[in-house]
Amino acid sequence: MSVDTLDRIDRRILAELAANARVSMTELGERVHLSRTAVLARVRRLEEVGVIRGYHAEVAWPGEATPARALLLLRFAARPCAPVLAYLRAQPEIRQVWSVSGPHDAVVEAAARDASGLSALADRLSISEFRIAVETRMVL
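Note that UniProt numbering has the sequence shown beginning at 1, numbered continuously upward.
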């Protein structure tokens with residue numbers, strides 16, 4: 001399923017779930033003007049075709065400081081890009097990976113305990129077998 005095949009209601013469902021993945025199917029149905037059964041069928045279809053890939057909890061552990069977050073702008077020395085993207089997704093600090101056009105090959109959202117944790121991630125990426133050039137932008 002491509003983005004072009006999503007109808008207006010599918011897009012509204014996805015926007016609602018992106019804002020609050022814990023919304024009940026009844027509430028979601030009310031927001032998009034469908035019955036609970038109809039919205040559940042659409043959500044299941046979106047899951048089956050891979051548009052919805054999961055639901056995640058962003059956890060703030062008691063006693064832990066708010067994590068340092070950054071966007072990393074990446075350029076790859078290696079081609080093809082697919083193995084590099086898989087390597088990035090396997091890194092525990094990396095929350096999101098986007099392949100992009102322009103001077104960079106990818107942008108990732110990363111989080112660590114502190115800035116030194118993000119720095120260690122950038123160092124690890126740059127010395128990996130993929131020799132990834134990293135520019136870091138801290139999220140304020």
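The beta carbon of each residue, even a glycine, is placed where N, CA and C say it ideally should be.
Only buried fits Val134, as 16 or more other CB atoms lie within 10 angstroms of its CB. The residue among Leu118, Thr136, Ile52 and Arg95 with its C-alpha nearest the C-alpha of Leu6 is Ile52.
Going by DSSP, Glu129 is part of no beta strand (DSSP E) at all; its letter is neither H nor E. Taking 7 Å as the cut-off, the Cβ atoms of Arg12 and Val32 count as close. Ranked by Cα distance from Leu85, the first of Pro67, Asp105, Thr66 and Glu93 is Asp105.
As the crow flies, the alpha-carbon of Ala82 is around 14 Å from that of Val107. Taken atom to atom, the span from the alpha-carbon of Arg22 to that of Glu16 is near 10 Å. Assignment of Ile52 by DSSP, reduced to helix, strand and coil, places it in the coil class.
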